[in-house]
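Reviewing the structure listed below.
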Amino acid sequence: MKLIIAIVQDKDSNRLSGELVKSNFRATKLASTGGFLRAGNTTFLIGVDDSQVESVMNVIRNSCKVREQLVTPVTPMSGTTDSYLPLPVEVQVGGATVFVLPVDRFEHF
Amino acid sequence: MKLIIAIVQDKDSNRLSGELVKSNFRATKLASTGGFLRAGNTTFLIGVDDSQVESVMNVIRNSCKVREQLVTPVTPMSGTTDSYLPLPVEVQVGGATVFVLPVDRFEHF
Amino acid sequence: MKLIIAIVQDKDSNRLSGELVKSNFRATKLASTGGFLRAGNTTFLIGVDDSQVESVMNVIRNSCKVREQLVTPVTPMSGTTDSYLPLPVEVQVGGATVFVLPVDRFEHF
Ligand code: NI
Ligand code: NI
Ligand code: NI
Chain A
1 MKLIIAIVQD KDSNRLSGEL VKSNFRATKL ASTGGFLRAG NTTFLIGVDD SQVESVMNVI
61 RNSCKVREQL VTPVTPMSGT TDSYLPLPVE VQVGGATVFV LPVDRFEHF
Chain B
1 MKLIIAIVQD KDSNRLSGEL VKSNFRATKL ASTGGFLRAG NTTFLIGVDD SQVESVMNVI
61 RNSCKVREQL VTPVTPMSGT TDSYLPLPVE VQVGGATVFV LPVDRFEHF
Chain C
1 MKLIIAIVQD KDSNRLSGEL VKSNFRATKL ASTGGFLRAG NTTFLIGVDD SQVESVMNVI
61 RNSCKVREQL VTPVTPMSGT TDSYLPLPVE VQVGGATVFV LPVDRFEHF
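Chains as they are written, first to last, in the UniProt record's numbering: chain A, 1 to 109; chain B, 1 to 109; chain C, 1 to 109.
Written out as C-alpha cells, the structure reads:
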C-alpha cells in the first residue's frame with residue numbers, strides 16, 4: 001500500500017478528478033496554496049496498492065502536464081490611453097508535484 | 001512514532017474530535033472533499049507513539065462506523081401534485097479511511 | 001527525499017512562508033484547525049532532499065518558536081461597570097509540530 005500525495009494546479013484539478021474516477025481510483029482533495037505559484041492549487045491524497053502506483057502516475061502525468069497557454073494580460077482601466085492594446089502572451093501552466101509515501105497499515109471502517 | 005491520516009465524513013468529525021480529546025490524543029483537522037461521496041469530509045492528522053496506534057484506531061472505529069440512517073428525499077417544490085409524499089429511505093453513512101504512516105523524525109518546537 | 005509536514009499557528013504562517021522562500025524551499029500550505037488550540041493553524045508540506053532536512057528544521061524553529069505575548073482580554077460590553085479595566089496578560093504563542101516522513105518516490109511533471 002502507498003499513499004500518493006499529488007499537488008496540482010486548480011485548473012487541472014477537475015480533469016484529474018474525472019480521470020481518476022474513470023480509472024477507478026479514489027482521491028480525497030484538499031484546498032492548498034503556495035509552491036511555485038501564488039494561485040491556488042489542490043492536494044490529492046490517493047491510497048493504492050503498490051502495483052497501481054504506475055497507473056496513477058500516468059493518470060496524473062496525462063492530466064496535469066506542463067503546457068503553454070495564451071493569456072491576455074489584464075490592463076489597468078483607463079479612459080484615455082486607448083492606443084494600447086494588450087497582446088496575449090504565452091505562459092506555462094500545469095505540472096504536478098507528486099510524493100509516494102510508504103504505508104505501514106491501511107484500514108477501511 | 002506514526003502519523004495517522006484518517007478521512008471521515010463531516011457528520012462524524014465532531015464526534016471523533018471529542019472522543020480523541022477525551023482519550024488525550026491531539027489531532028489537526030483539514031477540510032477535504034471527494035472519495036466515495038460528493039459530500040464534504042474531514043482529514044485528521046494524528047501523531048502518536050507506535051504503542052498508541054491501536055487505541056487511536058479503536059476511537060476512530062467507534063466514532064465513525066458505517067451505519068444505516070433514514071433520510072427523507074428532498075422533492076421539488078410543487079403546489080399542485082400533493083398526491084406524492086416522499087418516504088424516508090435507508091442510506092449508509094459513516095465509515096473512515098485510515099492510513100498509518102511511518103515517521104522518521106518528530107519535533108515539537 | 002523526505003516530506004516534512006509542519007503544523008504552525010496562523011500568526012506564524014506568513015513569517016514561515018517568507019523565510020522558506022528566502023532559503024529557497026518550496027512549501028504547499030493547507031488551512032487546518034485543532035490540536036492544542038481552538039484557533040486556526042496552517043499545515044505546511046515541504047519536500048526536500050535528506051541533506052536539507054536540518055536546514056528546514058532550523059527555519060521552522062526560528063520562525064515559529066514559542067514565546068510569550070501580552071494579550072488584553074476581551075471583556076463583555078458594558079455601559080455601566082466602567083470600574084473594571086482589563087489588564088493585559090501574558091500568553092504563550094507560537095510553536096510547531098513537525099513530522100518528517102520517508103518518501104519512496106518523488107516526481108515532478
Ligand atoms: Ni467504504
Ligand atoms: Ni507544544
Ligand atoms: Ni516544476
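Every residue gets a Cβ at the ideal spot worked out from N, C-alpha and C, and that includes glycine.
Because the structure is a prediction, the values reported are computed rather than measured.
C-alpha gap between Asp-49 (chain A) and Lys-22 (chain C), whole angstroms: Within the first sequence, residue 49 (chain A) is the residue found at index 49, counting from 1. Within the third sequence, residue 22 (chain C) is the residue found at index 22, counting from 1. If you take the alpha carbons of Asp-49 (chain A) and Lys-22 (chain C), they lie about 38 Å apart.
Please confirm whether Asp-12 (chain C) has its beta-carbon closer than 7 Å to some beta-carbon of chain A. What you label residue 12 (chain C) is simply residue 12 of the third sequence in a count that begins at 1. Not an interface residue.
Straight-line gap, Pro-86 (chain B) to Gly-40 (chain A) (C-alpha atoms, nearest Å): Sequence index remark: in the second sequence, residue 86 (chain B) carries index 86 (1-based). Sequence index remark: in the first sequence, residue 40 (chain A) carries index 40 (1-based). Rounded to whole angstroms, Pro-86 (chain B) to Gly-40 (chain A) spans 41 Å at the Cα level.
Given 8 Å, three or more beta-carbon pairs between the segment 8-25 of chain C and the segment 12-27 of chain B: no
Counting only beta-carbon atoms, is Thr-28 (chain C) nearer than 7 Å to chain A? Counting from one through the third sequence, the residue named residue 28 (chain C) turns up at place 28. So yes, Thr-28 (chain C) belongs to the interface.
Where does Gly-47 (chain A) fall in DSSP's three states? Along the first sequence, one-based indexing puts residue 47 (chain A) at 47. Three-state DSSP puts Gly-47 (chain A) in a strand.
Are any of the Cβ atoms in chain B nearer than 7 Å to that of Gly-95 (chain C)? Taking the third sequence and counting its residues from 1, the one referred to as residue 95 (chain C) is at position 95. So, interface residue.
What does Asn-41 (chain B) touch in chain A if you count any residue whose Cβ is under 8 Å from its own? Counting from 1 along the second sequence, the entry for residue 41 (chain B) is found at position 41. Within 8 Å Cβ-Cβ: Thr-28.
Can you find a CB in chain B that lies within less than 7 Å of the CB of Ile-7 (chain C)? Stepping through the third sequence from its first residue, residue 7 (chain C) is reached at position 7. Ile-7 (chain C) counts as touching chain B.
Measure the Cβ-Cβ separation of Phe-109 (chain B) and Ala-96 (chain C) and say whether it is below 7 Å. Here residue 109 (chain B) refers to the residue found at position 109 when the second sequence is read from its first residue. Here residue 96 (chain C) refers to the residue found at position 96 when the third sequence is read from its first residue. The Cβ atoms of Phe-109 (chain B) and Ala-96 (chain C) sit closer than 7 Å to each other.
Do we get a CB-CB distance below 7 Å when we pair Leu-101 (chain B) with the residues of chain C? Taking the second sequence and counting its residues from 1, the one referred to as residue 101 (chain B) is at position 101. At least one chain C Cβ lies under 7 Å of Leu-101 (chain B).
To which residues of the same chain is Pro-102 (chain C) closer than 7 Å at the C-beta, ignoring the five residues directly before and after it? As a position in the third sequence, residue 102 (chain C) is number 102, starting the count at 1. Contacts found: Lys-2.
Taking the alpha-carbon positions, what's the Arg-67 (chain C) to Lys-29 (chain A) distance? As a position in the third sequence, residue 67 (chain C) is number 67, starting the count at 1. As a position in the first sequence, residue 29 (chain A) is number 29, starting the count at 1. Each residue's Cα considered, the two are about 34 Å apart.
CB contact below 7 Å: Val-104 (chain C) versus chain A: Looking up residue 104 (chain C) in the third sequence gives position 104. It should be noted that the sequence gives Asp, not Val, for residue 104 (chain C). Yes, its Cβ sits closer than 7 Å to a Cβ of chain A.
Under three-state DSSP, which class holds Gly-40 (chain C)? If you number the third sequence from 1, residue 40 (chain C) lands on position 40. Three-state DSSP puts Gly-40 (chain C) in a strand.
Do we get a CB-CB distance below 7 Å when we pair Glu-107 (chain C) with the residues of chain A? Sequence index remark: in the third sequence, residue 107 (chain C) carries index 107 (1-based). For Glu-107 (chain C), the answer is yes, since a Cβ of chain A falls inside 7 Å of its Cβ.
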